[in-house]
Amino acid sequence: MKPLSLYKRLLKEYGPQHWWPAETQYEIIVGAILTQNTAWKNVEKAVKNLKERDLLSPEAVSSARVATLESCIRPAGFFRQKAERLKHVTSHFLGYPSLDAFFGRPTSLVREELLSWNGIGPETADSILLYAGGHAVFVVDAYTRRLCERLGWPHGSYEEVQSFFERGLPRDAALFNEFHALIVEHAKRYCRKNPLCPCFIACARST
DNA sequence: AACCAGGAGAGAG
DNA sequence: CTCTCTCATGGT
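If you want my numbering, it's the 1-based position in the first sequence plus 47.
So this is what it looks like as structure tokens:
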């Protein structure tokens, strides 16, 4: 069983996921921070609150009071940290002429810069790179690790898992986009309550 | 009523 | 470097 085979199996099982569920680049960035260790359902409520107050642009978030941001994103949990992180990250983005200018540089350079910002770790950086910036990086999350363990694949450090997938797949942002979304969809349906999902069994058997 | 959710950072050893 | 703790709300 190899990464590409798993991808094909998941795509056939669930179909295209159309990620990231957001209307703008900046909304993706906001969502990536809000979803840290938080159920997406709660993020949707927070984003809805921000949208109702017209707080989904860098300028609006930058000029909004922290207390206002906090009250909007409370449903997403860790609201004090996340309000601070939104402010901090947004201020960095505002140092560039545009988001396209920010992302329009070599992947490794943009990634290192994102990682240097407080509140952005490996997964959030890669989510932003892939889903907001269109860079071909493979996003590793808790679901990905759990799947790797069950398949007997490398499941150590973030970089180890990431390079395993990136070495076993064509360097294609659209594929990485779909693959990560499929892993999340798969995990939501089966991997917590229902560990013996049909897809996993099929994947494990077909080696 | 514990446990988990599309993590990250700070501190200890 | 690798643990461990904290941050916090909402659903099962």
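Where a beta carbon is used, it is the ideal one built from N, C-alpha and C, also for glycine. In this text, all values refer to a predicted model and were calculated from it rather than measured experimentally.
Residue i in three-state terms, based on DSSP
i, result
"residue 204", "coil"
"residue 184", "coil"
"residue 75", "helix"
"residue 125", "coil"
"residue 83", "coil"
"residue 225", "helix"
"residue 250", "Summary for residue 250: the model assigns pLDDT 49, below 50, so the residue's position carries little reliability, and this model does not support an answer."
"residue 62", "coil"
"residue 89", "helix"
"residue 143", "coil"
"residue 169", "helix"
"residue 161", "helix"
"residue 235", "helix"
"residue 217", "coil"
"residue 196", "helix"
"residue 131", "helix"
"residue 152", "coil"
"residue 68", "coil"
"residue 55", "helix"
Status (buried if at least 16 other CB within 10 Å, exposed otherwise) for residue i
i, result
"residue 203", "exposed"
"residue 57", "buried"
"residue 108", "buried"
"residue 225", "buried"
"residue 252", "Any reading at residue 252 needs caution, since the residue's pLDDT is 36, under 50, leaving its predicted position unreliable; the model's value is listed next. So residue 252 ends up on the exposed side."
"residue 235", "exposed"
"residue 65", "exposed"
"residue 143", "exposed"
"residue 274", "Absent from the structure is residue 274, since the part of the chain shown begins at 48 and ends at 254."
"residue 153", "exposed"
"residue 132", "buried"
"residue 145", "exposed"
"residue 147", "exposed"
"residue 170", "buried"
"residue 191", "buried"
Proximity test, residue i beta-carbon vs the ligand ATP heavy atom, cut-off 7 Å
i, result
"residue 102", "Absence of the ligand ATP from the depicted structure is noted, as is the absence of any ligand whatsoever, leaving it without description."
- [ ] Mind the definition here: the segment 210–220 touches the segment 57–70 only if three or more C-beta pairs lie below 8 Å; say whether that holds.
- [x] no
Open item on the list: For the structure I just gave you, are there three or more beta carbon pairs, one from the segment 174–185 and one from the segment 67–80, closer than 8 Å?
Closed with: yes
TODO: Can you check the segment 92–117 for any alpha helix (DSSP H) of at least 4 residues that lies completely inside it and give the ranges in chain order?
DONE: 105–110
Task: contact_flag[the segment 116–123, the segment 90–97] where n(CB pairs < 8 Å) is 3 or more - done: yes
TODO: Assess, as a yes-or-no matter, whether the segment 196–216 is touched by the segment 155–162 under the definition of 3 or more beta carbon pairs within less than 8 Å.
DONE: no
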